[in-house]
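Engineer: One line per chain: the protein sequences are A and B, in this order.
Just so you know, we're using the working numbering here: the first sequence kicks off at 438 and counts up by one.
Just so you know, we're using the working numbering here: the second sequence kicks off at 25 and counts up by one.
To start, I am sharing the structure in question, which I have written as structure tokens.
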Amino acid sequence: DTEVTQTPKHLVMGMTNKKSLKCEQHMGHRAMYWYKQKAKKPPELMFVYSYEKLSINESVPSRFSPECPNSSLLNLHLHALQPEDSALYLCASSLPSQETQYFGPGTRLLVL
Amino acid sequence: AQKITQTQPGMFVQEKEAVTLDCTYDTSDPSYGLFWYKQPSSGEMIFLIYQGSYDQQNATEGRYSLNFQKARKSANLVISASQLGDSAMYFCAMREVPINFGNEKLTFGTGTRLTIIP
């Protein structure tokens, strides 16, 4: 089973709100990723966690704050976002010995 | 410099026909991985097929095969007997071997939107 779940599916928030995106996998994967995808564009990597430690931050603004509480769970905390942050946010995970990243269904975020 | 190039923004194919989606890549690393993902309008990125740079044979997964031509740096996806459900955006991606686990980065092409015509 290669299932990554993400909640919520859709999120609308104002620029002063604080919200969180959640990603979960129970496949024993030890790397987890956040991607941002704007309409008609490919996904862009934001963060990588490896064994629950942040290993890559692609110079993402601090209004995005990732968290990996355990090996199965990945959160993305959102605060004071801008309308241009509206996008599809995809989570992915992979095994240490495999190259393939498996993606979740994404959260469609709209910032008003 | 663009590392993954998909030159076909859109393609229209008759149902049941085979279709080839083009992908070329650029890397100086001898060890790398190539992937194809399908993204329907729902948004989920669905893994289709993987080819390692040292794999001798072309990868196949059901109706999907990867035409890997290393010297030409191309990794085209071939879908046999296309179906209406194949209509989606298709992304080619490359992973260059990281120094250590946890630094994996996928570089995606710009994608090809495939539409299957009944």
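Glycine included, C-beta positions come from ideal geometry on N, C-alpha and C.
Every value quoted in this text rests on a predicted model; they were computed, and no experiment measured them.
Compare the C-beta of A:F540 with all C-beta atoms of chain B and state if any pair is closer than 9 Å.
Structural biologist: Taking Cβ atoms only, chain B reaches closer than 9 Å to A:F540, which makes this a yes.
Engineer: Among A:Y539, A:P498, A:P533 and A:A524, which residue has its Cα nearest to the Cα of A:S487?
Structural biologist: Cα-wise, what sits closest to A:S487 is A:P533.
Engineer: Would A:P410 be called buried (16 or more neighbouring beta carbons within 10 Å of its own) or exposed?
Structural biologist: Because chain A is modelled from 438 through 549, residue 410 of chain A falls outside the range shown and cannot be assessed.
Engineer: Quick one: does the C-beta of A:L527 sit closer than 8 Å to a heavy atom of the ligand GDP?
Structural biologist: The ligand GDP is absent from the structure shown, which contains no ligands of any kind.
Engineer: Within the 9 Å Cβ cut-off, does B:L108 reach chain A?
Structural biologist: For B:L108, the answer is no, since every Cβ of chain A falls outside 9 Å of its Cβ.
Engineer: Could you check how far apart the C-beta atoms of B:S55 and B:Y78 are, in whole angstroms? I think they sit under 8 Å.
Structural biologist: Indeed, because the Cβ distance is near 7 Å, the residues count as touching under 8 Å.
Engineer: Taking A:G543 as the query, report the chain B residues whose CB atoms sit under 7 Å from its CB, ordered along the chain.
Structural biologist: Those are G67 and E68, listed as they occur along chain B.
Engineer: Please classify B:G109: does DSSP put it in a helix, a strand, or coil?
Structural biologist: B:G109: helix per DSSP, three-state reduction.
Engineer: Which class does A:E504 belong to by DSSP, given the choice of helix, strand or coil?
Structural biologist: Three-state DSSP puts A:E504 in a strand.
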